[in-house]
Structures are given as C-alpha cells and as structure tokens.
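**Q** Protein chains in written order, with the UniProt record's numbering: chain A, 1 to 219; chain B, 1 to 219. Please see the structure below; I have some questions.
Number of protein chains: 2
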Amino acid sequence: MKLYSYWRSSAAYRVRIALNLKQLDYQLLPVHLLNNGGEQFSEHYHRLNPQHRLPALQLHDGRVLTQSMAIIEYLDESYSKPPLLPESAEGRAWVRSLAQLIGCDIHPLNNLRVLRYLSDWGEHDSDQNAHWYRHWLQLGLSEFDAMLTQAPQDWCSKGRFCVGDSVSMADLLLIPQLYNAHRYELDLSSLPRLLEIEQHCMSLEAFHQAAPEQQPDAV
Amino acid sequence: MKLYSYWRSSAAYRVRIALNLKQLDYQLLPVHLLNNGGEQFSEHYHRLNPQHRLPALQLHDGRVLTQSMAIIEYLDESYSKPPLLPESAEGRAWVRSLAQLIGCDIHPLNNLRVLRYLSDWGEHDSDQNAHWYRHWLQLGLSEFDAMLTQAPQDWCSKGRFCVGDSVSMADLLLIPQLYNAHRYELDLSSLPRLLEIEQHCMSLEAFHQAAPEQQPDAV
C-alpha cells in the first residue's frame, strides 16, 4: 500500500498510527502542501484524489481511498488486530462520536485551506489566524474532555486511553490534535485527563513512529 | 427512541432520513437553536450532550448518541434493512469517504456557531457570511461531483443514487446540503448529476418526510 502523506498533516498522522498499530507495510509518499504552490494540486495527485487533500491510501489493486476516518475504518475492517472499535453497536457509536468530534468539529476549521482563505479574503494577519486556530481547538478539546467526563461508566470512560485500556479510533484522532495544541502553545492545564491519555499513547511505538518529527519529509 | 432535532439542522435531517428508511418509530423533540439564546445550551440539553450540538439520539435505556454519522452507522449496524453501506470493505470506505467529504469538509465550516463567530469576531455582515457559506458549499459540492465522476466503475458511480441504484449513507449526507444550496441560491447548473440524485431521493417517502418543511417545529 502507498500512503500519500505530509509530515504535519493531522489527518495523515491519524492514518500513520493506524497502519503502525496494524503492523502493515506501506510505502510513504510525501506530498508537500506548501512547496510548488502545493503538490496536492499537481496533475498526478489530482488523478488520485480530485479533492486535493491528504491523506490518500492507494491499495494493491491501484484503487485509492480518501478521508482519514474512512481509511481507518477500512483498515480496521480488513485487518482485525488490534481492533480500533469496540464490539457493541453502542460502544462503536461512542468511539465514532469522539472521533468525529475532532474530525468534524475541530480539524476542518483549522485546516490549511481555511486559514489561507481567512487570510486572503478577510485580510487576517497571522496573529488573527492563530487566534482563530486556538479558539476552535481549545473549545473542541474542552468539549471532548466533557464528553469523557460525562460518559456512562460502561462506556469505559476511565482507563489509560480514551476508551478504557485499549487504544481506539478516538485516540488516533485525539493525539494529532494535541500535537497541534502544543505547537500553538495552548494552555492544557485544565485538561489533565487528555494529557494523561497522550502520555500513554506516545509511550507506544506505533504512535511514536507516526509522529510528524519521525517522518522522512519532516523539516 | 428520542431524536433531539431542529427542522433546519442538516445533521438532524440526515438522521431523520436514516430513521425513516429503517422504518423506526421515534419521538421527535425539537431544540430551537435560536430561541432563548439557543435551547441547545439549556441545562437539560447539556446533560444529554455537553457539546451542545444537534442531533442527539436517546436510546431506550437512556444512553445518548451524538454526531450524526456515528448515529447513522449505529442505526445501520442495529437495524440491517435497508443497508446504508455496501458489503465490501472497499465499497464501505468509498461511501464513508463521500459522506465525510460533506460531513467534514463542507458542513462544519458553515455551521451556525461558525457563522456567529465570524460575525462577532471578524465583524462580518450577513452578506460576507453568505459569501463564506456559498464558497465552501460550492467548492465541496464540486469536489463531491468530481469524486463521483472519477470513481472506478465497480464502485457504482453510475445509477440513480450516489452509489448505484441503492440509497447509501452518501445520499443521506448529500441531500441536506443540496437543501442548503437551494436556500442560498447556489447555481447548481454545472452539477446536473447531483440534481438528478436529489430528484430520485426526494421521490422517496423517507426523504420527503425528513425534509425541514415537514417537521413539526418548521416555521
């Protein structure tokens, strides 16, 4: 399999963690989001993903999967160990809702193309963009924490990871956002539970190896 | 089951279609997003969903599911007919990626809270907000159309619906966004395939009954 990736792309980071957890071999193909006007707009990449976004996973037969959460679910359905979703339908909905809180309600607002659009259109400077970025990230992470706190006990809201003592898709979405939070110097002292989860995740080789700094295209 | 809904919420609209397709009985509980400072911020609703967002589905045992795509997958796993995802892992990834293109890359940018933040913070007037709204919606729908056009034939990119001749989760995400597109008077003449899919979907009772105008809280 070939993963089209960029070292700092949160969405690609999620999929790298999944591939590592499943112990799958893959070829990493860096797509630089800034150089040459953005390599995701190249003719080659357009044929792979007309949405010009990362990541994309090319399968052995040449077909291309896009959207990080869809790719993670594909990997989970195709390679069962370790499972990234619980067994019960309710538990699966719970994990998916945590993942989507980040994948839908934080990440899309802080994406490169949105920041760029804000700059071009609203004439925002980089300080204003950082303010925007921090606003949605802080709000989203607080909401994520509130969800964990308020969850029914049988949804394993306690434990080393987001959902009990097993890594789930929720952790795959959370960790890259915490990386962003550190990069933007967010004050996370009011969210100790999230920092604990981060510590447990980053002690695992699969997470460590997927981190931006470990990528061949890291600057 | 109880569905917390608002007539014009695109995310609630998706779940209403799913509930109707699965022919499930549910009690609809309107939450007015504008009245009384937004009923989603009430103490009662906070206990159900600390993220203060719609929809929320309360199950028979009292537990609450949030995030529309997670709810739809829960309904699909719990009530198999008609299936909203294909059988193969690749096909499922394809449908999920179409759904997420809308659920992640269009909808979150045009959400009420984002428009409100733009107004308060960037001092945008309603014309500027409409410009922002149309920009992401037009871009996203064009990308969606490009995905359908470019899809491998065995992913059923032809047919009455997004994926062949069966309704899938992709249609459940597309239709509410087309409703928004009409409301904001977007020119969709360059996207005839999407309009055809809309026509086929809206001829089905499950879609028709889920539409905003059919809701008891419609104004």
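Cβ coordinates follow ideal geometry from the N, Cα and C atoms, glycine included. What you are looking at is a predicted structure, and each value in this text was computed from that prediction instead of being measured.
1. One question on the structure: do residue 177(B) and residue 106(B) come within less than 7 Å of each other, judged by their Cβ atoms?
2. For residue 104(A) and residue 98(A), I'd like the C-alpha separation in whole angstroms.
3. Quick check on the DSSP output: the alpha helix (DSSP H) that includes residue 18(B) runs from which residue to which?
4. Which residues in chain B have a C-beta closer than 9 Å to the C-beta of residue 175(A)? List them in chain order.
5. Would you check if there are 3 or more beta carbon pairs closer than 8 Å linking the stretch 161–172 of chain B to the stretch 116–134 of chain B?
6. Could you please give the first and the last residue of the uninterrupted alpha helix (DSSP H) stretch that includes residue 55(B)?
7. Give a yes or no on whether the minimum CB-CB distance between residue 108(B) and chain A is below 7 Å.
8. Against chain A, with Cβ distances strictly below 7 Å, would residue 138(B) count as a contact?
9. If you compare alpha carbons, which of 10(A), 6(A), 35(A) is closest to residue 27(A)?
10. Just the C-alpha distance for residue 100(A) and residue 93(A), rounded to the nearest angstrom, thanks.
11. Residue 71(A) versus chain B: which residues are under 7 Å apart at the beta carbon?
12. Please compile the residues from chain B whose C-beta is within a distance smaller than 7 Å of the C-beta of residue 101(A).
13. Between the stretch 138–156 of chain A and chain B, which residues of the former have a C-beta closer than 7 Å to a C-beta of the latter?
14. Have a look at residue 41(B) and residue 173(B) and give me their C-alpha separation to the nearest angstrom.
15. Quick check on this structure: which residue in 32(A), 1(A), 23(A), 22(A) has the alpha carbon closest to the alpha carbon of residue 215(A)?
16. How many angstroms separate the CA atom of residue 224(B) from the CA atom of residue 3(A)?
17. Can you tell me which of the three DSSP states residue 114(A) falls into?
18. Let me see if you follow: with CB-CB separation under 7 Å, is residue 77(B) close to chain A or not?
19. For the UniProt domain "GST C-terminal" (88–219) of chain A, which segments carrying the beta strand (DSSP E) assignment without a break, of at least 3 residues, lie completely within its bounds, in sequence order?
20. Run down chain A in chain order and give the residues with a C-beta less than 7 Å from the C-beta of residue 12(B).
21. Around the C-beta of residue 35(A), are 16 or more other C-beta atoms found within 10 angstroms, so that it is buried, or is it exposed?
22. Report the option in 181(A), 187(A), 186(A), 204(A) whose CA atom is closest to the CA atom of residue 8(A).
23. Do residue 201(B) and residue 171(B) have their C-beta atoms closer together than 7 Å?
24. Express the C-alpha separation of residue 58(B) and residue 185(B) in angstroms, rounding to a whole number.
25. Kindly give me the distance between the Cβ atoms of residue 1(A) and residue 24(A), rounded to whole angstroms, as I take these residues to be in contact under 8 Å.
26. Whole-angstrom Cβ separation of residue 18(A) and residue 55(A), contact assumed at under 8 Å?
27. Over what stretch of residues does the beta strand (DSSP E) that includes residue 3(A) continue unbroken?
28. Please go through the same chain and pick out, in chain order, the residues whose beta-carbon is closer than 8 Å to the beta-carbon of residue 90(A), but skip the five residues on each side of it.
29. In angstroms, rounded to a whole number, what distance separates the CA positions of residue 144(B) and residue 160(B)?
30. At what residues does the alpha helix (DSSP H) containing residue 48(B) begin and finish?
31. With a cut-off of 7 Å, does the C-beta of residue 193(A) fall near any C-beta of chain B?
32. Candidates 117(A), 212(A), 204(A): which alpha carbon is nearest residue 129(A)'s?
33. Residue 43(B) touches chain A at which residues, Cβ-Cβ below 7 Å?
34. Would you report the Cα separation of residue 222(A) and residue 217(B), rounded to the nearest angstrom?
35. Just reading off the beta strand (DSSP E) that residue 33(A) is part of, what are its end residues?
36. Kindly indicate the opening and closing residues of the alpha helix (DSSP H) around residue 75(B).
**A** Reading from the atomic positions:
1. yes
2. 10 Å
3. 10–21
4. Chain B residues near residue 175(A): none, gap ~18 Å exceeds 9 Å.
5. no
6. Careful: residue 55(B) lies outside any alpha helix (DSSP H) and carries neither H nor E.
7. yes
8. no
9. 6(A)
10. 10 Å
11. 93
12. 51, 67
13. 143, 146, 147, 150, 152
14. 25 Å
15. 32(A)
16. In this structure chain B extends from 1 to 219, so residue 224(B) is not present and cannot be described.
17. helix
18. yes
19. none
20. By Cβ distance, chain A contributes nothing, its closest Cβ being about 14 Å from residue 12(B), past 7 Å.
21. exposed
22. 181(A)
23. yes
24. 35 Å
25. 7 Å
26. Actually they do not touch by this definition, with Cβ atoms about 10 Å apart.
27. 2–5
28. 155
29. 16 Å
30. 43–48
31. no
32. 117(A)
33. Under the 7 Å cutoff, chain A gives no residues; its nearest Cβ is about 13 Å from residue 43(B).
34. Outside the shown range of chain A, which is 1 to 219, sits residue 222(A), and nothing can be said about it.
35. Unbroken run through residue 33(A): none, as it is neither H nor E.
36. 68–78
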